[in-house]
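Residue numbers (the numbering used here), protein chains in the order written: chain A, 1 to 368; chain B, 369 to 736. Backbone N, C-alpha and C fix where the C-beta goes; we use that ideal spot for every residue, glycine too. Model, not experiment: these values are computed from the prediction. Worksheet for the structure shown next.
2 protein chains.
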Amino acid sequence: MLQPPPAEPGMMEEEVDTPALILDLDAFEANLDAMAALLAPTGVKLRAHAKTHKSAVIARLQMARGAVGQCVQKVAEAEALAWGGVPDILVSNQVVGAAKLARLAALARIAEVAVCADDPLQVVEIAAAAEAAGVRIPVLVEIDCGASRCGVEPGPEAVALAERIAASPHLRFGGLQSYHGSAQHKRTPGEREAAIAHAAEVTRRTVEQLRQRGLDCPIVGGGGTGTFALEAASGVYTEIQAGSYAFMDADYARNEAPPPFRQSLFVLSTVMSRAIPGVAVLDAGHKAVAVDSGLPLVHGRPGLRYVSASDEHGKLLVEDGAAPALGDKLRLVPGHCDPTVDRYDWYVGVRQGRVECLWPIAARGAMA
Amino acid sequence: MLQPPPAEPGMMEEEVDTPALILDLDAFEANLDAMAALLAPTGVKLRAHAKTHKSAVIARLQMARGAVGQCVQKVAEAEALAWGGVPDILVSNQVVGAAKLARLAALARIAEVAVCADDPLQVVEIAAAAEAAGVRIPVLVEIDCGASRCGVEPGPEAVALAERIAASPHLRFGGLQSYHGSAQHKRTPGEREAAIAHAAEVTRRTVEQLRQRGLDCPIVGGGGTGTFALEAASGVYTEIQAGSYAFMDADYARNEAPPPFRQSLFVLSTVMSRAIPGVAVLDAGHKAVAVDSGLPLVHGRPGLRYVSASDEHGKLLVEDGAAPALGDKLRLVPGHCDPTVDRYDWYVGVRQGRVECLWPIAARGAMA
């Protein structure tokens, strides 16, 4: 269940047991600083997404640099953050079912906790949970700004749902959730600009219609690592919900004009077999590094290409002269950072080759 | 880290919190019985693969039906099983690095623990760990019988490595590991037969050459859920290493003449959004159900098709008349059972709609 830490502070990186999740602290801190600097002149706030890092430690480092709070996708993630001292949490997602909502309402006694809705029935359920717990819960209306997954139609449908929320004595209308997930990985800047121009326009229209009905939006939230500068410049959004910017991954790096952040997250792995000519096998397969957005890249070792992942094995093709030795430890750049983090119990924080800290991934597996 | 159980014994399945890993106990027990019955007349033993189930409870149920022990891929998995009372464990994989090997050697005091090698350097390291711990460790030679991943060439190279093992006072030669992983999911019976005919032939030749050098093979192991009947009928293999047979998954079901087992493993999920016409959204994305071998299938609900997985959302296309209600709980058949199990801390054992038991997934995340 909980796995023992693969390292101790003071070790050299080569001594870390594998597979391990390595956080390059210099690059990580540079990313946090860069995002704070990029958003400062816009006046738009960061509410960083903890679905990526799942760590109250990292949440607090982001908030120390000006983030107003955190987003999560799951109640169990909100619990892990609130228990770890994070005071302001938005569940940027629908929560359905009395058991989960009772947990959410209980959290509202120790932190600001808001949640999203895209259906009147959800609103009824959230109000019932808030009433039972004796708390008042802010609820944002999620609108479909282009991803066609969750969210009501922008405009009158959103206004109607907001009015239901505002009418409940146990709820407060929290604003709009308007996140365009699929825009983050559109490959060209032009595609991303077009997607976010549309998202911002339907969001702006909905904000205005709400205002005409006397409903102000305390939060207009959205934006991820691939597009946050566009939302921040739109004049509509008040909060940015980027998460991956802290770590980056191989899929974001494939964007044209990729986000201006450094790769700070790696899976450290060991060469465990060299028996087949031209092949090296690592101890990190797809249980250790997520492959939903493509295979990992081998970092800093030219001539080695990760070509297939099975459950516990990663197969490398080896060019002439690039052969690693049995036992060599290689850094992999994950294809997708969020689900890779979710495979581990510990961050191994490394600075200039030496382990500096271990941080628990407190919301690992927090799917409820 | 460790997530709370999503259910209690006695609950109805509809009351289980989601996402949850459901084990249909009738189907599961039927699968264990079926494998025991299929292997009994062959005289070949089952050493079930715990990389699939990661549970000492399930291991003991398999052994109660005649399995001689368990396979694992990782030292940390071997620990979880040995600590849970499993007496005979084969690490069907290479183990590289002094820290891991010290852990393996320590286990040899409470269980029979064997390991594989495909390199003389590994043999030196295993012997050093065994000597330091004052134990003697059986080591199998892994041969490449067709998958081109790990394993020495069958024949003289394998014999030479076996002789190194046999020559060490701290090791015992344990036999041959000859697993053809990629054969399991070849789609036609003819392709699978051809692959295993080759694997059996090179294995047979190697066994004979070893015998000529005075080295008997206590174990000749291999075979998975897709091909085990072929290995069992070969006259060469002494042990079958199937794991998925206990659960099954959508990818095995895509084989022509699929394995003769029932689907017993499901991810239970909740419909959390119905805002987009023709779409329903589940609370189980690829953090909750592995997609490396294809998307999950919706079980028992015609007209619903799982068409895309994001981190925390599963998008269903809904045919006319098939619309689920918000809050409906749906069973998903995972595309791939092994990595799906690894996402959870608990099996929720269900019999005829009612929760009967909770079993910890003790080796979840056991990657070291």
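Ranking A:Ala167, A:Arg211, A:Thr203 and A:Glu15 by CA distance to the CA of B:Ala466 puts A:Glu15 first. Considered as a whole, the region 153-205 of chain A harbours 156-167 as its complete alpha helix (DSSP H) runs of no fewer than 4 residues, in chain order. Distance from B:Asp706 to B:Arg732 at the Cβ level is roughly 12 Å; contact not present, criterion being Cβ atoms closer than 8 Å. Taking a C-beta distance under 7 Å as the contact criterion, B:Thr606 and B:Pro522 do not qualify as a contact pair. By the rule that beta-carbons nearer than 7 Å mark a contact, B:Leu694 touches chain A. Under a criterion of Cβ atoms nearer than 7 Å, the residues of chain A adjacent to B:Val649 are, in order, Arg149 and Cys150.
Buried is the label assigned to B:Gln430, since at least 16 other Cβ atoms lie within 10 Å of its Cβ.
Here B:Glu376 is exposed. Its C-beta has fewer than 16 other C-beta atoms within 10 Å. Judged by DSSP secondary structure, B:Ile426 falls within the alpha helix (DSSP H) whose first and last residues are Ala424 to Ala432. Look at B:Ser641: its C-beta is under 7 Å from a C-beta on chain A. At least 7 Å separates the CB of B:Gly682 from every CB of chain A. For the 7 Å CB-CB criterion, A:Gly243 and A:Thr52 form a contact. In the DSSP assignment, A:Arg103 falls within the alpha helix (DSSP H) that extends over Ala98 to Leu107. Spatial neighbours of B:Gln441 in its own chain (CB-CB distance under 6 Å, excluding positions within 5 residues in sequence) are listed in chain order as Lys419 and Asn461. Within the region 620-706 of chain B, the runs of beta strand (DSSP E) that reach at least 3 residues and sit entirely inside it are, in chain order, 633-641, 647-650, 672-677, 682-686 and 697-701. Apart from the 5 residues on each side of it in sequence, B:Ile390 sits with its Cβ closer than 6 Å to the Cβ of Phe634, Leu636, Val716 and Val718 in its chain, given in chain order.
Within 9 Å of the CB of B:Arg711, the CB atoms of chain A belong to Asp342, Arg343, Gly365 and Met367, in sequence order along the chain. The beta carbon of B:Gly646 sits closer than 6 Å to those of Val686, all from its chain and outside the five residues before and after it, given in chain order. The beta-carbon distance between B:Pro586 and B:Gly542, rounded to whole angstroms, is 6 Å. This is short enough to meet the 8 Å contact definition. Bridge partners of A:Trp346 according to DSSP: A:Pro360. Residues of the same chain with a CB within less than 6 Å of the CB of A:Ser168, apart from the 5 flanking positions on each side, are Ala127 in chain order. With fewer than three CB-CB distances shorter than 8 Å, the region 223-236 of chain A does not count as touching the region 305-323 of chain A. At a Cβ-Cβ threshold of 7 Å, B:Ala435 and B:Ala416 count as neighbours. DSSP lists B:Gln462 and B:Leu508 as the beta-bridge partner residues of B:Cys484.
Using a Cβ-Cβ cut-off of 7 Å, B:Thr556 does not count as an interface residue toward chain A, since no Cβ of chain A sits closer than that to its own. Boundaries around A:Asp26 are those of the alpha helix (DSSP H), Leu25 to Leu39, since no beta strand (DSSP E) includes it. Judged by DSSP in its simplified three-state form, B:Ala416 adopts strand. In this structure, the CA atom of B:Asp486 is about 22 Å from the CA atom of A:His286.
Here B:Ile494 is not bridged, per DSSP, to any residue.
B:Val588 carries a strand assignment under DSSP once its states are collapsed to helix, strand and coil. Apart from sequence neighbours up to five positions away, the residues of its chain that approach B:Ala497 with a beta-carbon distance below 6 Å are Leu469, Ala470 and Ala473, ordered along the chain. For A:Lys287, the nearest CB of chain B lies under 7 Å from its own CB, placing it at the interface with that chain. The beta carbon of A:Arg274 sits closer than 6 Å to those of Ala280 and Leu326, all from its chain and outside the five residues before and after it, given in chain order.
Closest by C-alpha distance to A:Pro138, out of A:Gly151, A:Gln177, A:Leu358 and A:Ser148, is A:Gln177.
In terms of CA proximity to B:Ser602, B:Ala568 leads the group B:Leu529, B:Leu449, B:Tyr674 and B:Ala568. The contact set of A:Pro6 on chain B, defined by CB atoms closer than 7 Å, consists of Ala736 in chain order.
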